[in-house]
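Quick note: the sequence shown, position 243, residue 243 per full-length UniProt numbering, numbers continuous.
The beta carbon of each residue, even a glycine, is placed where N, CA and C say it ideally should be.
Bear in mind the structure is a predicted one, so any value in this text is a computation, not a measurement.
Reading through the C-alpha cells given below for one structure.
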Amino acid sequence: MSPAPPVITARGVDFAYGKLPVLHDVTLTVHPGEVVCLLGPNGVGKTTLVENLLGSLRPRTGSVRVFGTDPRRAGAAFWARIGLVQQNWSDHAKWRVKDQLEWIRSMQLTASAQVADVAEVLDAVGLTDKAGSRLSRLSGGQRRTLDFAAALMGRPDLLILDEPTTGLDPASKARLHDLIMERVDDDATVLMTTHDLSEAERLASRVIIMAAGRIIADGPVTELRERVGRKAEVTWMQDGEHHVHATASPERFLQQLDLDAISGLTVTRPTLEEAYLALVSQPAEAEQSGIDHLTIQSDPATTTAKEPRP
Numbered sequence: 001m002s003p004a005p006p007v008i009t010a011r012g013v014d015f016a017y018g019k020l021p022v023l024h025d026v027t028l029t030v031h032p033g034e035v036v037c038l039l040g041p042n043g044v045g046k047t048t049l050v051e052n053l054l055g056s057l058r059p060r061t062g063s064v065r066v067f068g069t070d071p072r073r074a075g076a077a078f079w080a081r082i083g084l085v086q087q088n089w090s091d092h093a094k095w096r097v098k099d100q101l102e103w104i105r106s107m108q109l110t111a112s113a114q115v116a117d118v119a120e121v122l123d124a125v126g127l128t129d130k131a132g133s134r135l136s137r138l139s140g141g142q143r144r145t146l147d148f149a150a151a152l153m154g155r156p157d158l159l160i161l162d163e164p165t166t167g168l169d170p171a172s173k174a175r176l177h178d179l180i181m182e183r184v185d186d187d188a189t190v191l192m193t194t195h196d197l198s199e200a201e202r203l204a205s206r207v208i209i210m211a212a213g214r215i216i217a218d219g220p221v222t223e224l225r226e227r228v229g230r231k232a233e234v235t236w237m238q239d240g241e242h243h244v245h246a247t248a249s250p251e252r253f254l255q256q257l258d259l260d261a262i263s264g265l266t267v268t269r270p271t272l273e274e275a276y277l278a279l280v281s282q283p284a285e286a287e288q289s290g291i292d293h294l295t296i297q298s299d300p301a302t303t304t305a306k307e308p309r310p
C-alpha cells in the first residue's frame, strides 16, 4: 500500500512585506495524523508562514499545497476540511455566542458533511453556560475558547491553530488539549504555533523551530533534547549512599543496575526549553550544524520510577 499523500507541503517559500524579508526558503511537509508544533521567538515569521499556508498571503517565491491544492484557488469543499484558530478575530460584538456559531455553521460549513450541533460543541469546550452571552461580555480566554469551538464544528481533517490557548486558564487549556488529541485520534492532522513549551512537549509528535525567518530544527522527539550538550542524570540510593551518574543513554545504563537493591531512582533528562533556547540563541550555528531531523521526547522531562520506562 502506498503511503498517504502529505496534508501540507511547502517548498522554498520566501515572503517579504514590501522590502522587509520575513520568510527565507522555508520547506516543510506535514503528514496525516501528525501534531506539528511550530516554535520560535516573536517576529520570526510563524504567523506569516501560517498565512502563506492558508493562502491569505502569497509567497514571493516557492509553492504551497494543502490537501494537494493551492489554497488560493480552493473552494468551499476544501475549506470545510479545515478548522482554523487565528491570533486575531473580527466579529459582531452584540451577537450572542450561539448566534455566532449558528452563523458559522450555516454560512461557512455548507460543504461539510459532518457538521456538529452548536450545543454539542459548546458543551465540549465548556461554554454551555455562555450560549446566550453577547460576545462583548466574554473574557479574552472565553473568546479564545469560542474560536476553538468554531474550528471544531466541521469535525475538520486539518486543524491550523495559531497560539490557540493564549489567555486560557489551566483547566480550559487542558480541556482544549484533550479535544485536539480527540481529533487526532479520529485521524485529523494538527499544525499549531505556541510559545508554551510544555504544551508543545505534551501534544507534539514533531516540533519545528524557527529563527530569523528560517527553519533551524524539524523532527520528532528525543534527539533534540539530547543534542543540547547536557546528558541525562540518573540518581539513586544504594546501601545508604546517594549515587549520581550522567549518561547519554539512560535506558541502557538502567539495565546495568540491580533495581531490587536500590531505591529513589530518578532520571532527569535535558528539557525542551533547554534545547529551544540553545537553538534560537544561535540560529546560524544551528543551521550549519546539519540539524535537520531532530526528536523531542514526549515523556516528561523528569521521571521517577522503580523500573526503567519502556
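Checklist entry - Does the beta-carbon of K173 have 16 or more other beta-carbons within 10 angstroms, so that it is buried, or is it exposed? => result buried
Item to check | Candidates A124, P170, D178 and E120: closest to G141 by CA position | outcome: P170
Checklist entry - Should A232 go down as buried or exposed, given a rule of 16 or more other Cβ atoms within 10 Å for buried? => result buried
Checklist entry - Do you know how far the Cα of N52 is from the Cα of V85? => result 15 Å
Item to check | L152 - containing alpha helix (DSSP H), residue span | outcome: G140 to L152
Checklist entry - Based on the DSSP secondary-structure assignment, which residues constitute the bridge partners of A10? => result L28 and V64
Checklist entry - Under a three-way DSSP split, which group does D260 fall into? => result helix
Checklist entry - If you draw a straight line from the C-alpha of H92 to the C-alpha of A150, how long is it? => result 15 Å
Checklist entry - What whole-angstrom Cβ distance do D147 and G33 have, given they're in contact under 8 Å? => result In fact, because the Cβ distance is near 23 Å, the residues do not count as touching under 8 Å.
Checklist entry - What is the DSSP secondary structure of E34, counted as helix, strand or coil? => result coil
Checklist entry - Under three-state DSSP, which class holds Q238? => result strand
Next on the checklist: Could you tell me the alpha carbon to alpha carbon distance between T235 and V184, rounded to whole angstroms?
Outcome noted: 36 Å
Checklist entry - Quick one: what's V207 bridged to in DSSP? => result C37 and G219
Item to check | Cα-Cα separation, F67 to R11 | outcome: 14 Å
Checklist entry - For A286, does the count of other Cβ atoms within 10 angstroms reach 16, so buried, or fall short, so exposed? => result Only weak support is given to the placement of A286: the predicted model assigns it a pLDDT of 42, under 50, and the value that follows is read from those uncertain coordinates. It is buried - the Cβ of A286 has at least 16 other Cβ atoms within 10 Å.
Item to check | H31 to D258 span [Cα, whole Å] | outcome: 42 Å
Checklist entry - First and last residue of the beta strand (DSSP E) that includes T189? => result T189 to T193
Checklist entry - Can you tell me the Cα-Cα spacing of F38 and L127, whole angstroms? => result A small correction: the amino acid at residue 38 is Leu; Phe does not occupy that position in the sequence shown. Straight-line Cα distance between these residues: approximately 28 Å.
Checklist entry - From L161 to R143, what distance separates their C-alpha atoms? => result 15 Å
Checklist entry - D117 bridges to which residues according to DSSP? => result The partner list for D117 (beta bridge, DSSP) is empty, contrary to what the question assumes.
Checklist entry - To the nearest angstrom, how far is it from the Cα of L20 to the Cα of V64? => result 21 Å
Next on the checklist: Using a Cβ-Cβ cutoff of less than 7 Å, which residues in the same chain neighbour A261 once the five nearest sequence positions on both sides are dropped?
Outcome noted: Q238
Next on the checklist: Looking only at its chain, what residues have a beta carbon closer than 8 Å to the beta carbon of K94, apart from the 5 residues adjacent to it on each side?
Outcome noted: R134, L135 and S136
Next on the checklist: Nearest by alpha-carbon distance to L197: which of G43, D70, G75 and V207 is it?
Outcome noted: V207
Checklist entry - In the DSSP assignment, what residue or residues form a beta bridge with R214? => result A211
Checklist entry - Among all the DSSP beta bridges, which residues are the ones paired with Y17? => result L20
Next on the checklist: Here's the rule: buried if 16 or more other CB atoms are within 10 angstroms of the residue's CB, otherwise exposed. What is T61?
Outcome noted: exposed
Item to check | Integer-rounded CB distance, given that L168 should sit under 8 Å from residue 366 | outcome: Residue 366 is absent from the structure shown; the chain starts at 1 and stops at 310.
Next on the checklist: Helix, strand or coil for G177? Go by DSSP, reduced to three states.
Outcome noted: For clarity, residue 177 is His in the given sequence; the question names Gly instead. If DSSP states are grouped into helix, strand and coil, H177 belongs with the helices.
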